[in-house]
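To get our numbering, take the position in the sequence shown, counting from 1, and add 512.
By construction, the Cβ of each residue, glycine as well, lies at the ideal position given by its N, Cα and C atoms.
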Amino acid sequence: MRTKVILVVTVLAGLILQCSLMPAISIASITPNLMIVLTVSFGLMRGKRAGLLLGFLCGLLTDLMIGPIVGFRAFIYMFIGYYSGYCYRIFYDDDIKMPILLTAAGDMVYGFAVYIFQFLLRGRVGIFFYIRRMILPEVIYTILITIVFYRLLLLLNRKLDKMDKRSVGSFV
Numbered sequence: 513m514r515t516k517v518i519l520v521v522t523v524l525a526g527l528i529l530q531c532s533l534m535p536a537i538s539i540a541s542i543t544p545n546l547m548i549v550l551t552v553s554f555g556l557m558r559g560k561r562a563g564l565l566l567g568f569l570c571g572l573l574t575d576l577m578i579g580p581i582v583g584f585r586a587f588i589y590m591f592i593g594y595y596s597g598y599c600y601r602i603f604y605d606d607d608i609k610m611p612i613l614l615t616a617a618g619d620m621v622y623g624f625a626v627y628i629f630q631f632l633l634r635g636r637v638g639i640f641f642y643i644r645r646m647i648l649p650e651v652i653y654t655i656l657i658t659i660v661f662y663r664l665l666l667l668l669n670r671k672l673d674k675m676d677k678r679s680v681g682s683f684v
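Pasting the structure below:
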């Protein structure tokens with residue numbers, strides 16, 4: 513139970529950072545997507561189910577804060593978290609290449625989904641402009657943020673694992 517509360521508090525802290533700090537460090541109106549970093553990281557470290565649930569929570573909270581349609585980002589983040597969780601068994605914690613690759617792929621999926629459902633369906637078909645000006649810069653910026661935040665999330669996950677092992681050991 514304590515682990516779940518700590519994960520929810522971590523997601524809320526990520527949301528606060530996403531809505532307050534990230535716009536302050538934006539470059540040319542491009543902000544890194546910290547919620548994707550959280551979703552991918554916990555999907556990798558805790559598996560498909562945790563990735564799906566945390567992705568849903570991250571997306572739902574993001575929808576409530578900035579989205580015009582509630583559930584749009586929740587569905588996309590769920591998808592990203594679930595498929596990040598597939599690498600849970602083959603993933604080595606200290607290797608940062610896998611989180612960077614999955615974060616980049618998740619941000620690309622997110623960018624294309626936003627383009628398709630919020631721009632293309634309204635008749636704006638400048639996909640190469642959108643890729644060059646929005647998707648790729650956000651992916652690069654999110655990767656840079658991943659390098660910093662992933663280490664912090666890894667430390668948090670290790671502490672949560674120790675707490676889980678201690679609580680299981682106290683019953684035996």
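Should residue 526 be labelled buried (16 or more other beta-carbon atoms within 10 Å of its own) or exposed? buried
Opening and closing residue of the alpha helix (DSSP H) in which residue 624 lies: 609-630
Per DSSP, what are the beta-bridge partners of residue 539 in this structure? 542
Just the C-alpha distance for residue 541 and residue 649, rounded to the nearest angstrom, thanks. 10 Å
Entirely enclosed alpha helix (DSSP H) segments - the segment 562-597, minimum 4 residues: 584-596
For the alpha helix (DSSP H) containing residue 639, list its first residue and its last residue. 639-642
Is residue 562 buried or exposed, if buried means 16 or more other CB atoms sit within 10 Å of its CB? buried
Using beta-carbon positions only, say whether residue 570 and residue 589 come within less than 7 Å of one another. yes
What distance in whole Å lies between the Cβ atoms of residue 612 and residue 658, which are believed to be in contact at a cut-off of 8 Å? 6 Å
Secondary structure of residue 661, DSSP reduced to three states: helix
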